[in-house]
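Novice: Before I ask anything, here is the structure I am working with.
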Ligand SMILES: O=C(O)CCC(=O)C(=O)O
């Protein structure tokens with residue numbers, strides 16, 4: 002077993018430094034600013050899968066062999082992505098993410114999935130980095146009904162685990178440099194504080210599944226990235242989008258993208 006995998010199994014998360022190069026991290030941050038222009042009414046913490054699944058740059062990024070080689074160590078060699086979501090926190094007023102377990106929100110059968118959280122900018126205590134409670138990946142998965150709704154526009158998910166159920170005495174702040182990734186288990190309790198600093202904090206959550214995992218969202222487009230689909234698992238897969246100048250963000254290597 003790889004040491005990455007051992008650390009992940011023990012703590013519920015692991016960090017890989019310099020997973021992608023600085024230029025690609027910079028392009029990823031630029032993508033967020035391009036999306037802000039395209040969707041001026043959407044908060045940048047809310048650039049969800051539906052806005053990304055037909056975007057050529059996103060396909061180029063999530064299929065990067067460096068990311069897939071990491072994902073493969075956790076979920077094997079038949080790899081799809083079922084969700085991508087930028088949680089890009091603007092300076093001064095970036096929103097918090099309340100404590101939660103990802104699996105609570107996902108209709109996956111089985112719950113075999115791993116998140117790669119990609120830092121497109123530095124992400125640290127000052128600008129509201131991801132924080133985890135190691136060991137809680139062994140807790141029971143809470144249901145949606147067990148969460149507290151906090152639907153007042155102050156936080157990214159509009160819900161979270163009730164503070165009385167949280168012991169954050171061993172919290173770990175996952176401080177990353179642009180280009181680093183952290184990987185976390187769907188049951189680990191995690192969240193992040195608001196960004197009150199004067200710098201952006203741009204993170205991209207990538208949810209990689211083995212193609213044996215069935216995604217029970219209706220009409221949901223997954224992205225097949227490596228290996229094969231599985232007969233009998235009724236997932237839908239997106240068609241690779243064609244790059245169109247003017248409609249899409251140009252990126253390095255776009256000529257070779259097909
Ligand atoms: O980006 C954040 O601050 C939180 C990320 C998160 O909740 C997740 O990856 O599930």
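In the working numbering, the protein residues as written are 2 to 259.
Built from N, CA and C at the ideal position, the CB exists for glycine as well.
1. With DSSP as the reference, please indicate the residues paired to residue 185 in a beta bridge.
2. Quick check: is any heavy atom of ligand 1 less than 7 angstroms from the C-beta of residue 103?
3. So residue 46 packs on residue 89, CB below 8 angstroms; how close in whole Å?
4. Shortest alpha-carbon distance to residue 218 belongs to which of 51, 203, 28, 41?
5. Does the pairing of the segment 26 to 41 with the segment 69 to 80 give three or more beta-carbon distances under 8 angstroms?
6. Which value, in whole angstroms, describes the spacing of the CA atoms of residue 240 and residue 220?
7. Going straight from the alpha carbon of residue 16 to that of residue 120, what length do you get?
8. Provide the residue span of the alpha helix (DSSP H) that contains residue 37, from first to last.
9. Kindly indicate which three-state DSSP category residue 105 falls into: helix, strand or coil?
10. Please report the distance separating the alpha-carbon of residue 127 from that of residue 154.
11. State the start and end residues of the unbroken beta strand (DSSP E) segment that holds residue 86.
12. Please determine if the segment 236 to 250 and the segment 157 to 169 are in contact, where contact requires at least 3 C-beta pairs separated by less than 8 angstroms.
13. Let me check you understand the geometry: is the CB of residue 191 closer than 7 angstroms to at least one non-hydrogen atom of ligand 1?
14. Measure the C-alpha to C-alpha separation of residue 136 and residue 208 and round it to an integer number of angstroms.
15. Would you check if the segment 197 to 213 and the segment 75 to 86 touch, i.e. whether three or more CB-CB distances between them fall below 8 angstroms?
Specialist: On the basis of the coordinates in this document:
1. The partner list for residue 185 (beta bridge, DSSP) reads 14, 116.
2. Indeed, a heavy atom of ligand 1 lies less than 7 angstroms from the Cβ.
3. In this structure residue 46 touches residue 89 by the C-beta definition: roughly 6 angstroms separates them, less than 8 angstroms.
4. With distances taken between Cα atoms, residue 218 lies closest to 51.
5. The answer is no - the segment 69 to 80 does not touch the segment 26 to 41, with fewer than three Cβ pairs under 8 angstroms.
6. Distance between the alpha carbons of residue 240 and residue 220: 14 angstroms.
7. Cα-Cα distance, rounded: 11 angstroms.
8. Annotation: the continuous alpha helix (DSSP H) that includes residue 37 extends over 23 to 39.
9. Assignment of residue 105 by DSSP, reduced to helix, strand and coil, places it in the helix class.
10. Whole-angstrom Cα-Cα distance: 22 angstroms.
11. Residue 86 -> beta strand (DSSP E) spans 80 to 90.
12. No, the segment 236 to 250 is not in contact with the segment 157 to 169.
13. It does: the Cβ of residue 191 is within 7 angstroms (strictly closer) of some heavy atom of ligand 1.
14. Taking the straight line from one Cα to the other gives about 20 angstroms.
15. Output reads yes: the segment 197 to 213 touches the segment 75 to 86.
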